[in-house]
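Student:
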Amino acid sequence: MDMNKIKIFLEELKINTLIFFKAQLVLSLTVFVILSAGFYWIGLELWGLKAFGIALVDFVPVLGSGLIMIPWAIIRGLMGSVEVGAQIAILYIVLTIIRFVLEPVLIGKSIKLSPLLVLGMTLLSTFALGPIGALVGGFLSVVVKVVWQVFFDTNGEDKHSGNRIK
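In terms of this note's numbering, the sequence shown opens at residue 264 and continues consecutively.
See the structure below:
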């Protein structure tokens, strides 16, 4: 194996990993905005702080916002605030749908891959590896892209770093 290709692979992986995490940050900011608006509309106290905390947890795909929002909605409903519990549950469903659609688009465009390919990789890794697959699915797209680009693609140059790949 060519040591130059390994060096380029590691460099490209580093660059594309940073790009991936920037896309994740944009996604987390989007989650924060959606939750802030939703919590404000519901009339919750400290809506911004709650939205920020859940957006931080949401940065980890498997844990996600459901780790907090599902039990919270259930507890609010059981404690007599059925309307608020239902509103939190509906907000969680809306947030999940938006995130499910937006994540492959943001990651795909950021690392210059088809959003459908990123979605397919995420779903495939989720089915193959379960919750761990959901966690690593988007990042796996980055690794597959860099492996293909460095070791199999003959077009010659990376779009991000400008490295000559041959």
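Cβ coordinates follow ideal geometry from the N, Cα and C atoms, glycine included.
Which parts of the stretch 280-325 are runs of the alpha helix (DSSP H), unbroken and 4 residues or longer, counting only runs that do not cross its ends?
Tutor: Here the runs fully enclosed are 310-321.
Student: I'd like the span of the alpha helix (DSSP H) that includes L369, first residue to last.
Tutor: From DSSP, the alpha helix (DSSP H) with L369 extends over 345-374.
Student: Would you mind reading off the limits of the alpha helix (DSSP H) that contains G400?
Tutor: Here the alpha helix (DSSP H) through G400 covers 394-410.
Student: Grouping DSSP H, G and I as helix and E and B as strand, with all else coil, what is S388?
Tutor: Three-state result, S388: helix.
Student: Along the chain, where does the alpha helix (DSSP H) containing M332 start, and where does it finish?
Tutor: Element bounds for M332: 329-341.
Student: Which same chain residues end up closer than 7 Å to K408 when comparing Cβ atoms and leaving out the 5 residues on each side of it in sequence?
Tutor: Hits under 7 Å: N279, I374, L376.
Student: From F402, W310, I337, F415, pick the residue whose C-alpha is nearest to that of L298; which is it?
Tutor: With distances taken between Cα atoms, L298 lies closest to W310.
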